[in-house]
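Here's the structure, in structure tokens; my notes come after.
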């Protein structure tokens, strides 16, 4: 952890704000939460969340660009999974906080 009196550089500020932007979207939260449970293809994500494939692909591109998800190819199918345990912990803690009574 950095010292409390250190100044964040512009790149770090940008990346942190983009990460929170990613987590501010309900569809991306649903996708990340699903991927936290298992590796899935775009088609499987679309079916489980009842979203169109184009929307899921768009959201996965956004998450991949932020290095929040990674993918692997198996034949013609691409499977996605979380790529940042830190962000997944933040997401899970936020879910736990929201569901705590």
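Numbering (my numbering), first residue to last: 205 to 305. We put the beta carbon where it would ideally sit given N, CA and C, even for glycine.
State yes or no: is the C-beta of residue i within less than 7 angstroms of the C-beta of residue j?
i           : j           : result
residue 281 : residue 245 : yes
residue 283 : residue 273 : no
residue 253 : residue 222 : no
Looking at the secondary structure, which residues open and close the alpha helix (DSSP H) in which residue i lies?
i           : result
residue 300 : 289-303
Which residues share a DSSP beta bridge with residue i?
i           : result
residue 274 : 285
Mind pulling the alpha helix (DSSP H) runs of 4 or more residues that sit fully within the region 206-269?
-> 214-227, 230-241, 246-253, 257-269
The region 282-299 / the region 223-241 touching (three or more Cβ pairs under 8 angstroms) = yes
Are the region 212-219 and the region 261-268 touching, with three or more C-beta to C-beta distances below 8 angstroms?
-> no
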